[in-house]
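Start counting the sequence shown at 199; every next residue gets the next number (this note's numbering).
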Amino acid sequence: IVEGTLLGDYRFELHRSAQDEQPQRLQRLILAGREDLEQSVAEAAIVAEAANRARDLQNRPGNDLTPTALGEYALALAAAEPALTVTVEDRAGLVQRGMGAFAAVAQGSEQPPALITMRYDGGGEGPTLGLVGKAVTFDSGGISLKPGAKMSEMKFDMSGGAAVIEAVAAIARLRLPVRLVAVVGATENLPGGRAIKPGDIVTAANGKTIEINNTDAEGRLVLADCLCHAIAEGAERLVDLATLTGAVIIALGSTYAGLMSNSDELAERLEEAGQRSGEILWRLPLHEEYATLVKGTYADLDNAPEGRKAGTILGATFLSSFVGEVPWAHLDIAGSAWDLGRDYVGKGASGYGVRLLVELARSYGGSRADSDS
Numbered sequence: 199i200v201e202g203t204l205l206g207d208y209r210f211e212l213h214r215s216a217q218d219e220q221p222q223r224l225q226r227l228i229l230a231g232r233e234d235l236e237q238s239v240a241e242a243a244i245v246a247e248a249a250n251r252a253r254d255l256q257n258r259p260g261n262d263l264t265p266t267a268l269g270e271y272a273l274a275l276a277a278a279e280p281a282l283t284v285t286v287e288d289r290a291g292l293v294q295r296g297m298g299a300f301a302a303v304a305q306g307s308e309q310p311p312a313l314i315t316m317r318y319d320g321g322g323e324g325p326t327l328g329l330v331g332k333a334v335t336f337d338s339g340g341i342s343l344k345p346g347a348k349m350s351e352m353k354f355d356m357s358g359g360a361a362v363i364e365a366v367a368a369i370a371r372l373r374l375p376v377r378l379v380a381v382v383g384a385t386e387n388l389p390g391g392r393a394i395k396p397g398d399i400v401t402a403a404n405g406k407t408i409e410i411n412n413t414d415a416e417g418r419l420v421l422a423d424c425l426c427h428a429i430a431e432g433a434e435r436l437v438d439l440a441t442l443t444g445a446v447i448i449a450l451g452s453t454y455a456g457l458m459s460n461s462d463e464l465a466e467r468l469e470e471a472g473q474r475s476g477e478i479l480w481r482l483p484l485h486e487e488y489a490t491l492v493k494g495t496y497a498d499l500d501n502a503p504e505g506r507k508a509g510t511i512l513g514a515t516f517l518s519s520f521v522g523e524v525p526w527a528h529l530d531i532a533g534s535a536w537d538l539g540r541d542y543v544g545k546g547a548s549g550y551g552v553r554l555l556v557e558l559a560r561s562y563g564g565s566r567a568d569s570d571s
């Protein structure tokens, strides 16, 4: 009730000069029951407010929420929450780390990229959970330019990163007994004079070479290096969120996000977390036969194989080359990140993924880390 009420009361008014025509905002919610609901209400409010803050990030236009601005936002969260640590690196950091795929996407824009790394250590006996988010703050498609219709919606291509940032912040506020490392790759994808071109070959952080046949398949390039970075930072379970393919919208619409995983255990945890949070997932297959379709002609991998078959699965298959043996799940949220058409969400950003990731963390850690925090 609390989450639904707060989500339904959301308005994005940052850029409105007048707000008097907006519907009346909720002032007070009173719940009656036989049990003491104070802690449950407080925790539900933390999660719903985090989802709404993710929606604020999603709804901000690309000229406002640049990669640098998103990095500064994450740093401000850490300054306000002692349990969080955040570092932000620019292009020089990417190059130093050998993140050639991520750096290649960023080189067409005058805006520098931001590699955002977040840490939270709430203790607990479970594995270190790694969360990775794609945050392309505006995606024109690059040299492989998108059609003009609805290109304004490409400000939402950072939705995975927004969900990861706010989920980690909520987990820290809830003091859940889990260990987290989160990586968000923030960049623009623009057709500048230095932009990557179809046919270019780049080298990712794990040494894999990638043939770029379509610059509009940039999200998987960013995620590839971010997944490698999360593993290097100690992630023992990995979940990435990205508005990766239009194919998932054709397959699942806005009801489900697509789930692909190399681990039945992790996939089941995510599906259960989806049922508890209302952010539901539908599992699609990964099979070794798909791997032959993402092999490159002139490099190890092809970022955009020709044809329209299994587009969502091929995106995940490409990413599987960067996780090794680590249990990993890829969530394609392209259909569920905005314009869900539900009463409690409405027009614009949905904040999808925040509540799901909090529930996943709860499944590993349970309740609060300290009863007196």
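Here a beta-carbon is modelled for each residue, glycine too, at the ideal position from N, C-alpha and C.
- For Arg506, the number of other beta carbons within 10 angstroms of its own is below 16, and it is reported as exposed.
- Assignment of Asp319 by DSSP, reduced to helix, strand and coil, places it in the strand class.
- In the three-state reduction of the DSSP assignment, Gly513 falls in the helix class, which pools H, G and I.
- DSSP places Val381 in the uninterrupted beta strand (DSSP E) bounded by Arg377 to Asn387.
- With fewer than three CB-CB distances shorter than 8 Å, the segment 446 to 462 does not count as touching the segment 385 to 396.
- Here DSSP, grouped into helix, strand and coil, assigns Leu425 to helix.
- When only Cα atoms are considered, Gly472 and Gly331 end up about 18 Å apart.
- A direct Cα-to-Cα measurement between Gly269 and Ala242 gives close to 26 Å.
- DSSP places Phe300 inside the alpha helix (DSSP H), whose first and last residues are Gly298 to Ala304.
- Between the alpha carbons of Lys406 and Leu372 lies a gap of roughly 39 Å.
- At a cut-off of 3 residues, the continuous stretches assigned as beta strand (DSSP E) that sit fully inside the segment 410 to 491 are 435 to 440, 455 to 459 and 479 to 481.
- Partner residues in the beta bridge of Thr283, as assigned by DSSP, are Arg317.
- One alpha carbon belongs to Leu491, the other to Arg258, and they sit about 37 Å apart.
- Here Ile408 is near Leu419, since their CB atoms are less than 8 Å apart.
- For Ile341, there is no enclosing alpha helix (DSSP H), since its DSSP letter is neither H nor E.
- For Leu555, there is no enclosing beta strand (DSSP E); the enclosing alpha helix (DSSP H) has its first and last residue at Val552 to Gly563.
- Note that the C-beta distance between Tyr550 and Glu477 is below 8 Å.
- Cα atoms of Pro503 and Gly397: separation of roughly 12 Å, rounded to the nearest angstrom.
- Taking each of Ser534, Met297, Leu378 and Asp530 in turn and checking the Cα distance to Asn404, the smallest one comes out for Met297.
- In this structure, Ala415 lies away from Thr335, with their beta-carbon atoms at least 8 Å apart.
- Looking at the backbone, the Cα of Pro280 and that of Arg560 are separated by about 20 Å.
- By the criterion of a C-beta distance shorter than 8 Å, Leu484 is surrounded in its chain by Met458, Ser459, Asn460, Ile511, Ala514, Thr515 and Ser518, once the five residues flanking it on both sides are discounted.
- The segment 420 to 435 and the segment 319 to 329 touch, with no fewer than 3 CB-CB distances between them shorter than 8 Å.
- In the DSSP secondary-structure assignment, Leu499 is bridged to Ile408 and Lys493.
- Judged by their CB atoms, Ile369 and Val376 are nearer to each other than the 8 Å cut-off.
- The C-beta distance from Leu282 to Ala367 rounds to 7 Å, short enough to meet the 8 Å contact threshold.
- Annotation: Asn250 to Tyr208 spans about 7 Å, alpha carbon to alpha carbon.
- One thing to note: Asp423 has its Cβ within 8 Å of the Cβ of Ala299.
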